[in-house]
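Colleague: My structure is below; once you've seen it, I'll send some questions.
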Amino acid sequence: MAKKLMTGSFVALITPFNKDGSVDFAAFRTLLKFHEDNGTSAILIMGSTGETSMLSPEEKKKIIVECAKMKTAKMPIFFGCTGNNTESTIASVKFAKDNGADGAILAAPAYICAPEADIERFFLEVADATDLPLGIYNNPPRVKSDLHWDNLIRIFKHPNYVVHKESTTRVGQVAQILAAKTGVAVMCCDSPNLGLVVPTMSLGGHGTANMTGNVAPGEVATISTPWKSYAEAEGFKNAYLGLLPLLHYTYSAINPVAVKSLMKALGMPAGDLRKPLSGLEGEALAKGLRIVQELGLDKKYGYNIKPLSVAA
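Every position in the sequence shown, counted from 1, becomes a number in my numbering once 48 is added.
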């Protein structure tokens, strides 16, 4: 059976919190509608941008149950389901499937620094245990394990894998996966420091799996549109070069400190970061607000920019 190819902007959504630190489900609903109205193709909840490692098991289950109820046919919702071992990951994926998830994104289990052969087996064993559409996030800075394209191409022969997010600096790896024509959507991180967006899209990539779309969903949707003609390539160039200041800003601190701090200052329903992380203040935050204003995003999206004394 042919895999359904995902394309466009796959936004890793923040997890919004109430003032008391609990998960804000009303804010989740507001943010999901905001993305659906502004060109986001799909959403990932409980990725690294969603502070997933600081959520309790009970919170993770409730987020899946409640947010799956908010999905629409237009914008599928995937959930981060990586556990600390193979069995806990399988259990999380099955829970997501049973409660209405459209898919799950998996990374290598953190901290254990497993050999690549073991991680390849991990991804295949999880896929064998479910028919839920799955994606892989190859992110060695977060989890140490770093899959080679040979590992990934073998994994992507499994029919349950539908999307790949690459977060290394290896353009050659992206090229090899695209050349293999696995039927998996090849997406890349939007970090300008990794520098993958331009080569990925020019080689026939299918989109970006990004966090800057939390603030600029329409602009990121433009740079995430596959190139079918010169028009898409020209639109990409203009949008990408214009968006560079914001891309650099959202990656100026460890994910999601900059983007969530900025969202709160823009009047979006974000809440605070969960401790021990803390938000940006002073000039570091003011810089982000200036970039938003210079790009005209405040007017386009109706952002309510608060005084820094209130936003901090």
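The C-beta atom is built at its ideal place from N, Cα and C for all residues, glycine as well.
Over the uninterrupted beta strand (DSSP E) stretch that includes residue 235, give me the two end residues.
Modeller: Taken as a continuous stretch (DSSP letters only), the beta strand (DSSP E) holding residue 235 covers 233-236.
Colleague: Any chance the region 286-304 sits against the region 250-262, with 3 or more Cβ pairs inside 8 Å?
Modeller: At 8 Å Cβ cutoff, the stretches touch.
Colleague: Straight-line CA distance for residue 119 to residue 78?
Modeller: Distance between the alpha carbons of residue 119 and residue 78 is about 12 Å.
Colleague: If you draw a straight line from the alpha carbon of residue 88 to that of residue 82, how long is it in whole angstroms?
Modeller: Between residue 88 and residue 82, the C-alpha separation is close to 9 Å.
Colleague: Run through the DSSP bridge pairs and tell me what residue 242 is partnered with.
Modeller: BP columns for residue 242 are empty, so no partner.
Colleague: Pick helix, strand or coil for residue 263, following the three-state DSSP scheme.
Modeller: Here residue 263 sits in coil by DSSP.
Colleague: In the structure shown, what three-state DSSP assignment does residue 214 receive?
Modeller: Three-state DSSP puts residue 214 in a strand.
Colleague: Quick check: the Cα distance between residue 156 and residue 69, rounded to an integer number of angstroms?
Modeller: C-alpha separation (whole angstroms): 28 Å.
Colleague: Grab the span of the beta strand (DSSP E) containing residue 330 for me, first residue to last.
Modeller: That residue, residue 330, is in no beta strand (DSSP E); its alpha helix (DSSP H) goes 330-342.
Colleague: Taking the C-alpha atoms as reference points, what is the distance between residue 167 and residue 330?
Modeller: The straight-line gap from Cα to Cα measures roughly 42 Å.
Colleague: Measuring straight from C-alpha to C-alpha, what distance separates residue 201 and residue 123?
Modeller: Cα to Cα, the separation comes out at about 27 Å.
Colleague: Under a three-way DSSP split, which group does residue 252 fall into?
Modeller: Coil.
Colleague: So, with DSSP's three-state summary, where would you put residue 136?
Modeller: Residue 136 falls in the helix class under three-state DSSP.
Colleague: Can you tell me whether DSSP reads residue 151 as helix, strand or coil?
Modeller: It is a strand residue.
Colleague: With C-beta atoms as the reference, is residue 315 less than 8 Å away from residue 353?
Modeller: Yes, Cβ-Cβ distance for residue 315 and residue 353 is below 8 Å.
Colleague: Starting from residue 57, follow the alpha helix (DSSP H) in both directions and report where the run begins and ends.
Modeller: Looking at the DSSP string, residue 57 is not in any alpha helix (DSSP H); the run it does join, the beta strand (DSSP E), is 56-60.
Colleague: Which residue comes first and which comes last in the beta strand (DSSP E) that contains residue 87?
Modeller: No beta strand (DSSP E) contains residue 87, which DSSP labels as neither H nor E.
Colleague: For residue 346, name the three-state secondary structure that DSSP assigns.
Modeller: DSSP places residue 346 in helix when its eight states are reduced to three.
Colleague: Ignore the nearest five residues each way along the sequence and tell me which others in residue 86's own chain have a CB closer than 8 Å to its CB.
Modeller: For residue 86, where only same-chain residues beyond five positions count, the Cβ hits under 8 Å are 265, 266, 269, 349.
Colleague: Just list the residues that DSSP pairs residue 92 with in beta bridges.
Modeller: Beta-bridge pairing links residue 92 to 60, 126.
Colleague: Only counting the same chain, and skipping five residues up and downstream in sequence, which positions put a Cβ closer than 8 Å to that of residue 292?
Modeller: Excluding residues within five positions, the ones whose Cβ falls inside 8 Å are 240.
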